[in-house]
Every structure is written in structure tokens, then in C-alpha cells.
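According to this note's numbering, the sequence shown is numbered sequentially starting from 863.
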Amino acid sequence: MQTIHTFTQLNFDVGQGVATITLNRPEQLNALTSAMTGELLAAFKTCASEETIRCVVLTGAGRGFSAGQDLTEFGQLSQPRHITRHLRQGYNRLILAMRELEKPILAKVNGVAAGAGLGLVLAADMVILSDKASLVTAFIGIGLAPDSGVSWHLQRVLGPARAFELLATGRKIKAEEALQLGLVNHVVPAEMLDATVENIAVRLAQAPTRGIGLTKRVLNRTATMSLAQALDYEAQIQAIAASTDDHQEGVQAFLQKRPPKFTGK
Ligand code: LHQ
863 MQTIHTFTQL NFDVGQGVAT ITLNRPEQLN ALTSAMTGEL LAAFKTCASE ETIRCVVLTG
923 AGRGFSAGQD LTEFGQLSQP RHITRHLRQG YNRLILAMRE LEKPILAKVN GVAAGAGLGL
983 VLAADMVILS DKASLVTAFI GIGLAPDSGV SWHLQRVLGP ARAFELLATG RKIKAEEALQ
1043 LGLVNHVVPA EMLDATVENI AVRLAQAPTR GIGLTKRVLN RTATMSLAQA LDYEAQIQAI
1103 AASTDDHQEG VQAFLQKRPP KFTGK
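Encoded structure:
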């Protein structure tokens, strides 16, 4: 493992083509401060620019993933005249940076994810949950409406009725229910979480990174298109994918009956 960036509230490690970003304020269940949000933005920027990084894992230190906005930092921020700017400058940029990063992001959810912490989970491309973890919308507990993309993501996965219930009650969604609802990809015993995610991450880091990035771009963009528009957009993006080295390698390897060796280019 190589540490290529020093942060105060995150750990950032790179090994085998995988960058692991660990939210690191375990005593506060990795509640998000402005400093931490800024560091996360910088970390995702590094993931975008560093060619050797081909997959990202986002996780939390200790028993929580993230309890959302740090409520001890809240006094100033939650004043109506500050809150919109705070969201636009912090969480909104972060969620968009995750969606626009053309590399796979795995959320390794070791414990509770609440509020904006749930926003980070839902903005990932795949979510692997420990059986001890849970998801909580949390906003209503402090009288707030959803932010950090939680309304958008929940509604798309669950439809309006179930999204409303989870947002309006703020009840805890246990791991098994999260799986049944289709909010997460896998639930594994806590002691198997590291190995399971490492396995998936290393495999994704050896996959055709440009093809995966373009897949993400297509999913992002076609979500709000008509079928006719989506078909046309897919046809345009396929021309980019077809020009990659990994496309050539994939076809050659198939024809030569050998395993492909993708470089991410
Ligand atoms: C915390 C927090 C926390 C500080 C636990 N802050 N310390 C963004 C920006 C602007 C506007 C509005 O919206 C947003 C987005 C948001 O994220 S709003 C939602 C903010 N989050 C919450 O309201 C969740 C608050 N936390 C909880 O409900 C519980 O802590 C959960 C359900 C997450 C976990 O419960 P437990 O497992 O029972 O843990 P705990 O409550 O005992 O917490 C452990 C420690 O962590 C404790 O500190 P202590 O010193 O007593 O051990 C908590 O005070 C601290 N902590 N969340 N958000």
C-alpha cells in the first residue's frame, strides 16, 4: 500500500490499482465536517487525475460509515442564509464529483450511514454492506428535508411511496432490508467485508477502465432521456469505447482464446 496524499480527516491509500478512501473520525462515527468534505473532494480529484488508480473504495474507520453532517458544526451552517451555499459548495460538488468520476466507486459500508453519509453511499456505483451496517435517512430527525442527492437516488430506486416513507420516518433500514429494497449490491458477514470488497475492487481495477467509465457516463445521462435519445446517445458513446486499446485487446483475446490483459487505456 502506498500513501500518496496526506489528509487530516481521511486516510488515502493506493495499492493494486485501487484507491481506498477511509473517513477517519471514528469517535464521531465519521460525521462530516467542512474540512472533511473538502478533503474528500481533493481525494476524488486525485482519483480522477492519477492514471494508476482504476477503482475507488470509500469506507469508514471504526464502527460507523458516516453519521452525516457533523451536528456540532451545525450552528452557523444551518441558518437559512448559509445552508444553501454550504450545500452547493460542499456536498453538491462532492456527489457530482463521485458521479462524474469515470472510474468505479465501491462503497464499503462497515456500519451506520446516515444523512449525507447515506448520500455518499447512494452516489457510489456499487454498495457492499456488512451485516452489522444500517442505513438511516436521518434528515427528518432534525426537521430537515433530504439533501446530498438522497431524494433523487432513493426515489429512482424505490419509487415515490417507499422513498417518502423512509424520508418521512427516518427509521433505520437494516442490512437485509437494504438488500431486499435493491439499495445495495451485497450484504456479507462483517468479518468478510474487507476480503469481499478487495476481491471485487482488484477485479474492477484490472477491467477495461475506459469502458467502465463510459458505462457510468451512459447510465448518468440516459437516466433522464427518452428511449430514442438514449439509443442515439449510446451509439455516440460506443464510438469512443470502440477506439480504446482495451476494446482491441478484448476482441483479440477472444479470437485467440486467451485471457485478456486490459491496461485501462
Ligand atoms: C455525531 C453525529 C453527528 C456529530 C453521531 N454529528 N456527532 C448537511 C449540511 C447542512 C445542512 C443539512 O444537512 C446536511 C446533511 C445531513 O447529513 S443532515 C443529517 C445529520 N445527521 C444526523 O442527524 C444523524 C445523527 N446521528 C444519529 O442519529 C445517530 O448517531 C446514528 C443513528 C447515526 C448512530 O446511532 P448510535 O449507533 O446509537 O451512535 P450514537 O448516537 O451513540 O453516536 C456515537 C457518537 O457519535 C456520539 O458521541 P459520544 O461522544 O456521545 O460518544 C454521537 O454524539 C456522535 N455522533 N452522529 N451527525
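Ideal placement from N, C-alpha and C gives every residue a C-beta, glycine not left out. Fair warning: this is a prediction, and the values are worked out from it, not measured in the lab.
Helix, strand or coil for residue i per DSSP?
i            : result
residue 996  : strand
residue 870  : coil
residue 952  : coil
residue 1064 : helix
residue 975  : strand
residue 1001 : helix
residue 1094 : helix
residue 883  : strand
residue 969  : strand
residue 1006 : coil
residue 1100 : helix
residue 931  : strand
residue 1020 : helix
Can residue i be considered in contact with the ligand LHQ, in the sense that its beta carbon sits closer than 7 Å to one or more heavy atoms?
i            : result
residue 1117 : no
residue 1031 : no
residue 948  : yes
residue 1013 : no
residue 1000 : yes
residue 1042 : no
residue 1056 : no
residue 924  : no
residue 957  : no
residue 1077 : no
residue 983  : no
residue 1059 : no
residue 934  : yes
residue 992  : no
residue 930  : yes
For residue i, count the other beta carbons within 10 Å of its own beta carbon; 16 or more makes it buried, fewer makes it exposed. Which is it?
i            : result
residue 966  : buried
residue 916  : buried
residue 1101 : exposed
residue 1128 : Because the chain here runs from 863 to 1127, residue 1128 falls outside it and cannot be looked at.
residue 1072 : buried
residue 1105 : exposed
residue 1116 : exposed
residue 1004 : exposed
residue 1070 : buried
residue 944  : exposed
residue 991  : buried
residue 1089 : exposed
Among the residues of its own chain, which have a CB less than 6 Å from the CB of residue i, if the five just before and after it don't count?
i            : result
residue 1074 : 966
residue 869  : 901
residue 1171 : Shown here, the chain extends from 863 to 1127; a query on residue 1171 therefore has no answer.
residue 926  : 891, 892, 973, 974
residue 1092 : 1084
Apart from the five residues just before and just after residue i, which ones in its own chain have a Cβ nearer than 8 Å to its Cβ?
i            : result
residue 1095 : 1080, 1083, 1084, 1087
residue 1125 : 1107, 1108, 1111
Within a Cβ cutoff of 7 Å, which residues of the same chain sit near residue i, ignoring the five residues on either side of it in sequence?
i           : result
residue 906 : 959, 960, 963
Taking 8 Å as the CB-CB limit, is residue i close to chain C?
i            : result
residue 1006 : Annotation note: the requested chain C is absent from the structure, which comprises a single protein chain.
Return yes when at least one heavy atom of the ligand HEM lies under 7 Å from the C-beta of residue i, else no.
i            : result
residue 1035 : Absent from the structure shown: the ligand HEM. Ligands present: the ligand LHQ.
**Item:** the segment 1047-1057 / the segment 1007-1023 touching (three or more Cβ pairs under 8 Å)
**Value:** Contact between the segment 1047-1057 and the segment 1007-1023 is absent: fewer than 3 CB-CB pairs across the two stretches fall below 8 Å.
**Prompt:** Pairing CB atoms from the segment 1024-1038 with CB atoms from the segment 985-1000, are three or more of them under 8 Å?
**Reply:** Taking 8 Å as the limit for Cβ pairs, the verdict is that the segment 985-1000 does touch the segment 1024-1038.
**Request:** Could you say if the segment 973-980 and the segment 889-900 meet the contact criterion of at least three C-beta pairs nearer than 8 Å?
**Result:** Under the 8 Å Cβ criterion, the segment 973-980 counts as touching the segment 889-900, having at least three qualifying pairs.
**Prompt:** Looking at C-beta atoms only, is the number of pairs between the segment 939-956 and the segment 1014-1026 that lie closer than 8 Å three or more?
**Reply:** Inter-segment contact for the segment 939-956 and the segment 1014-1026 is absent: fewer than three beta-carbon pairs are separated by less than 8 Å.
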